[in-house]
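This report concerns only the one structure given below.
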Amino acid sequence: MEEVRVFTLTCAVQNYAWGKAGLDSEVAKLVLGGDPLAVIEEDKPYAELWMGAHPKADAKIKDNLTGETTLGQWIAQFPGCLGSKVKDTFQGQLPFLFKVLSVNTALSIQAHPNRELAARLHAQFPEHYPDDNHKPEMAIALTHFQGLCGFRPVEEILGFLKSVPEFHALVGNEAAEELRCVTGDAVHTRQALKKCFTRMMNCEKKVIVDQLNMLMKRVTGDAGKDTSECNGALLLRLHSQYPGDIGCFSIYFLNYVALEPSQAMFLGASEPHAYLYGDCIECMACSDNTVRAGLTPKYIDVNTLCDMLNYTPAPASSKLFPPVKDYSDPFVSIYDPPVPDFTVMRIQVPASVKQYTVAALDSAGILLVVEGDAIATSAAALSDITLRRGTVLFISANEAVSLHVTAQLGMTMFRACCLL
């Protein structure tokens, strides 16, 4: 089997409650594209497609010769497929997890620990923190995509403390005053912001619910009026999804970020964030560790969260992560974040091009077809492979794949890999 080094994968779907239902979901559409016999239930949420070898949802190799081999088992047997640098750096493991997300209602506000904290949390509370790895991640929009990400500039937070008295009540006079008095010193600013956020997160549930109800009453009573100074529209939406939840107030601390298709945001360790709505490609280090902060019925570890966050304020525009053009291939845009674990390439083959080669890399890669059709050939594949919307292809290191494009309108593909 080692000589077959390029093959298609059958990937696991996660039906989390926040996902888009039925064929509204990009995840469901891709699943159906990749397997026309798949049954999509119209009222079931299709939240995430996991493409990788994470033990929680290890992809299966589609090819008949291998029976039911998973990608993780295959990599363990043939670690050379990763590429020599990747194999040595990441102890014979595929270092990234590639996903598609279809978000209908907000995901919890969360942050992911750095490596050192992940190891400590996993040792102390394995039931909440399933592994010891960090989890930086990047989201690339497939449709209009909305999220919260990172702490807003201090002036914006002070503006909300002034215009939203219920928010001010949860933060308290002392912490709010401290934030008002910061004078541009970065360390002092972070300390003051941490104090404000920690005070709010530690409020008693009853106080939170009372203040939220007062605020909701005010915003709904102002129907027809401009409620933008208390972020009214977003507040109403989150409150309808998570009534009485502390996360509803986090919109006054965190940047609102809207991405258009192919725009991206990178979320480093300890960066607070929440996805609100839309479909995206996501790539991350291979971990499932999450510290939650609100908009969730799940466990909230307030102390760990407040201690670990990155309290550096920055404008929403700074969260956008622009790709760079690949100098060796005009059809490739590279999203290369400041971590070694993963890189994502967007491959956009125009309608005029009928022959295209997916270049060999010194890294294993996972290729997802989002639009278009082609016949793929590779010396390392068992036979020709039909690519269509939803096909997921594993490409071992140092293998090229030639495409004969049959689509009239060109192709759009995303490739996750590890460029060391």
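Residue numbers (the UniProt record's numbering): 1 to 420. Where is the CB? At the ideal position from N, CA and C, for every residue including glycine.
- Task: Please state whether DSSP places valine 4 in a helix, a strand or coil.
- Result: Under the three-state reduction of DSSP, valine 4 is assigned to coil, being neither helix nor strand.
- According to the Cβ coordinates, are leucine 148 and leucine 267 closer than 8 Å? no
- Task: Return the residue from the list Gly224, Pro272, Val324 that minimises the CA-CA distance to valine 302.
- Result: Nearest of Gly224, Pro272, Val324 to valine 302, Cα basis: Pro272.
- Mapping DSSP to helix, strand and coil, what is arginine 292? strand
- Pick out whichever of Lys20, Glu3, Thr105, Asp43 has its Cα sitting closest to the Cα of glutamine 241. Thr105
- Message: Which of the three DSSP states is assigned to glutamate 26 in this structure?
- Response: helix
- Simplified DSSP state of alanine 381, which is helix, strand or coil: coil
- Proximal residues to valine 332 (C-beta, below 6 Å), its chain only, five neighbours per side dropped: Asp326, Met345, Ile347
- Message: For serine 264 and glutamate 174, I'd like the C-alpha separation in whole angstroms.
- Response: The question names serine, yet the displayed sequence has alanine at residue 264. Those two C-alpha atoms are separated by around 37 Å.
- Query: For proline 330, which option in Pro350, Thr312, Phe342 has the closest C-alpha, if you only look at C-alpha atoms?
  - Reply: Pro350
- Message: Tell me which residues share the same chain as alanine 17 and place their Cβ nearer than 7 Å to its Cβ, disregarding the 5 neighbours each side in the sequence.
- Response: Pro45
- Item | Alpha-carbon spacing of alanine 314 relative to alanine 269, whole angstroms | Straight-line Cα distance between these residues: approximately 16 Å.
- Task: Please determine, among Ala123, Pro113, Phe197, Leu170, the residue with the shortest C-alpha to C-alpha distance to arginine 152.
- Result: Phe197
- Kindly identify the DSSP beta-bridge partner or partners of glutamine 91. Assignment of beta-bridge partners to glutamine 91 by DSSP yields no partner.
- Message: Considering Cα atoms alone, identify which of Pro79, Asp35, Leu49 is closest to lysine 62.
- Response: Asp35
- Three-state secondary structure (DSSP) at glycine 147? strand
- Message: In this structure, how does DSSP classify cysteine 286 when only helix, strand and coil are distinguished?
- Response: coil
- Secondary structure of phenylalanine 96, DSSP reduced to three states: Phenylalanine 96 falls in the strand class under three-state DSSP.
- Message: In the DSSP output, which residue or residues are listed as bridge partners for cysteine 417?
- Response: Thr343
- Query: Which full runs of the alpha helix (DSSP H) of 4+ residues lie inside the region 25–65, going along the chain?
  - Reply: 26–34
- Name the two residues that bound the continuous alpha helix (DSSP H) containing glutamate 156. 154–163
- Query: Beta-carbon separation of valine 369 and methionine 308 under 8 Å?
  - Reply: no
- Task: Answer yes or no: do tryptophan 50 and leucine 97 have a C-beta to C-beta separation smaller than 8 Å?
- Result: Tryptophan 50 places its beta carbon less than 8 Å from that of leucine 97.
- Go ahead and label isoleucine 281 buried or exposed: buried means 16 or more other beta carbons lie within 10 angstroms of its beta carbon, across all protein chains shown. buried
- Query: Can you find a CB in chain D that lies within less than 8 Å of the CB of glutamine 146?
  - Reply: The chain labelled as chain D is not found in the depicted structure, where only one protein chain is given.
- Measure the alpha-carbon distance for methionine 138 versus serine 318 and round it to whole angstroms. Between the C-alpha atoms of methionine 138 and serine 318 there is a straight-line separation of about 14 Å.
- Query: When the Cβ atoms of the region 234–250 are set against those of the region 206–222, are three or more pairs found closer than 8 Å?
  - Reply: Yes, the region 234–250 is in contact with the region 206–222.
- Task: Would you kindly work out how many angstroms separate the C-alpha atoms of alanine 293 and cysteine 418, rounded to a whole number?
- Result: 30 Å
- Query: Beta carbon of alanine 233: closer than 7 Å to some heavy atom of the ligand SAM?
  - Reply: What this structure holds is no ligand at all, so the ligand SAM is not there to describe.
- Query: Residue ranges of each beta strand (DSSP E) run of no fewer than 3 residues wholly in the region 201–275, ordered along the chain?
  - Reply: Taken in chain order, the complete beta strand (DSSP E) segments of 3 residues or longer contained in the region 201–275 are 254–259, 264–267.
- Query: Is DSSP giving valine 86 helix, strand or coil here?
  - Reply: helix
- If we ignore side chains and look at the alpha-carbon of each, how far apart do arginine 415 and phenylalanine 125 end up? Computed Cα separation, rounded: 34 Å.
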